[in-house]
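Chemist: There's a structure below that I have some questions on.
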Amino acid sequence: MIRKPIRLLSLLVALCLFLSACGKGSRTETTAQTAAQTGSAQKDLYTIKNRYDIDESYFKEQKGVDYGKIIKNQSYYSTVAGDEKQCNILLPAGYDASLTYPAMYVLHGFWGSHSTLINDGAFLPLLYGNMLAKKQTVPMIFVGVDMYTDKAADKEHMSDAQKRPAYDKFITEIHTDLMPFIEKTYPVSKERRETAIAGYSEGGGKALCIGFTYLDEFGYIASFAPNTGVIPTDFYKGSFWSKPYMEAFPEPTADNTPYYLYMAVGDQDPYCLESTLYYRDALDDMHIRNQTDLVEGYEHDKVFWGQCFYNFFTKAFQ
Numbered sequence: 008m009i010r011k012p013i014r015l016l017s018l019l020v021a022l023c024l025f026l027s028a029c030g031k032g033s034r035t036e037t038t039a040q041t042a043a044q045t046g047s048a049q050k051d052l053y054t055i056k057n058r059y060d061i062d063e064s065y066f067k068e069q070k071g072v073d074y075g076k077i078i079k080n081q082s083y084y085s086t087v088a089g090d091e092k093q094c095n096i097l098l099p100a101g102y103d104a105s106l107t108y109p110a111m112y113v114l115h116g117f118w119g120s121h122s123t124l125i126n127d128g129a130f131l132p133l134l135y136g137n138m139l140a141k142k143q144t145v146p147m148i149f150v151g152v153d154m155y156t157d158k159a160a161d162k163e164h165m166s167d168a169q170k171r172p173a174y175d176k177f178i179t180e181i182h183t184d185l186m187p188f189i190e191k192t193y194p195v196s197k198e199r200r201e202t203a204i205a206g207y208s209e210g211g212g213k214a215l216c217i218g219f220t221y222l223d224e225f226g227y228i229a230s231f232a233p234n235t236g237v238i239p240t241d242f243y244k245g246s247f248w249s250k251p252y253m254e255a256f257p258e259p260t261a262d263n264t265p266y267y268l269y270m271a272v273g274d275q276d277p278y279c280l281e282s283t284l285y286y287r288d289a290l291d292d293m294h295i296r297n298q299t300d301l302v303e304g305y306e307h308d309k310v311f312w313g314q315c316f317y318n319f320f321t322k323a324f325q
């Protein structure tokens with residue numbers, strides 16, 4: 008009399024196992040996303056020491072390596088600028104439009120553009136492609152931005168003092184216009200655990216401004232030799248460089264604390280050494296966890312930026 012219930016239970020168990028196996032075959036997530044969900048709980052990224060001895064071969068094209076695809080001069084309309092703007096996109100090797108990828112927005116320094124970091128021959132696609140081939144990072148989509156946010160026709164005629172406010176507008180524009188465009192056009196995740204921002208010099212300062220303004224949207228923040236203008240400092244006082252964007256770093260909550268906040272500066276940097284260490288001390292005073300490296304022998308140049316991006320690529324979305 009009890010055989011039928013037992014058989015029915017067995018059939019139900021088998022059905023559950025079958026459905027579970029089918030779910031494992033789903034391709035709705037990339038390897039990178041799985042790592043972002045599980046790896047964060049397993050790794051304390053702040054305890055992993057960064058390296059600044061990366062071999063030059065990482066920044067050169069290697070035989071047999073797929074460096075992905077660069078989409079140049081992708082146009083979108085900026086309501087903040089009141090004009091069309093452009094960005095460059097790097098799609099990773101093995102890109103599959105049916106998958107969803109983490110997104111990293113990369114910011115240039117003063118006088119740069121959307122083509123500074125994402126372009127043919129630029130060090131970032133080469134570094135990332137070589138690291139991805141070695142499985143030292145995860146698949147992601149990069150967005151090379153143009154921080155200049157004003158009428159395009161005026162850009163070449165503006166002084167540095169006039170360009171700085173135009174760069175400041177990008178802090179609003181990335182949230183209002185660029186990110187919605189990228190999320191609509193490319194298969195990127197909208198989750199903060201799968202969204203990162205990184206930049207150097209002027210872009211390093213803006214990465215801090217953007218990351219802390221939109222803590223609910225950016226889970227990973229990297230700032231290499233950030234210049235003045237994030238919070239009040241005494242450096243370059245009285246000049247357009249020192250005008251702060253915010254009075255203090257906002258206090259993160261338990262829900263929007265960065266998964267990883269990374270800053271670095273070379274001890275030979277002639278421009279942004281003091282400001283970087285000032286931001287570090289301000290964050291430390293607020294008990295906001297960060298990993299800030301003062302690196303011996305490096306200056307304010309792409310040789311150093313390359314070392315820093317290597318470190319960030321090993322930790323973002325891990």
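Residue numbers (the numbering used here): 8 to 325. Quick reminder that beta carbons are idealized off the backbone N, C-alpha and C, glycines included.
By how many angstroms is the C-alpha of I61 removed from the C-alpha of V137?
Modeler: The sequence shown places Asn at residue 137, not Val. Straight-line Cα distance between these residues: approximately 12 Å.
Chemist: What is the residue span of the beta strand (DSSP E) that M154 lies within?
Modeler: Per DSSP, M154 belongs to no beta strand (DSSP E) and is neither H nor E.
Chemist: So, with DSSP's three-state summary, where would you put T107?
Modeler: Note: T107 maps to coil in three-state DSSP.
Chemist: Please state whether DSSP places D291 in a helix, a strand or coil.
Modeler: It is helical.
Chemist: From the DSSP output, read off the bridge partner residues of T202.
Modeler: DSSP lists A110 as partners of T202.
Chemist: Could you have a look at S82 and say whether DSSP puts it in helix, strand or coil?
Modeler: In the structure shown, S82 sits in a strand (DSSP, three-state: E or B).
Chemist: Judging by CA-CA distance, which residue of K322, L280, I295 is the nearest neighbour of Y305?
Modeler: Comparing Cα-Cα distances from Y305 to each of K322, L280, I295, the minimum goes to L280.
Chemist: Nearest CA to the CA of Y193: which residue from D308, G71, A104?
Modeler: Ranking D308, G71, A104 by Cα distance to Y193 puts A104 first.
Chemist: In the DSSP assignment, what are the bridge partners of N95?
Modeler: BP columns for N95 point to G151.
Chemist: I need the straight-line Cα distance from Q81 to K162, nearest angstrom please.
Modeler: Taking the straight line from one Cα to the other gives about 18 Å.
Chemist: Quick one: grab the DSSP three-state call for A255.
Modeler: Reduced to three states, the DSSP call for A255 is coil.
Chemist: Grouping DSSP H, G and I as helix and E and B as strand, with all else coil, what is S120?
Modeler: Residue state, collapsed to three classes: coil.
Chemist: Nearest to G236 by CA position, among E91, S85, R171, is which residue?
Modeler: Comparing Cα-Cα distances from G236 to each of E91, S85, R171, the minimum goes to R171.
Chemist: Measuring only the C-alpha atoms, how far is K79 from L114?
Modeler: Going by the C-alpha atoms only, they are around 16 Å apart.
Chemist: Drop a sphere of 10 angstroms on the beta-carbon of P257, count the other beta-carbons inside from all chains shown, and report buried for 16 or more, exposed for fewer.
Modeler: Per the 10 Å Cβ criterion, exposed.
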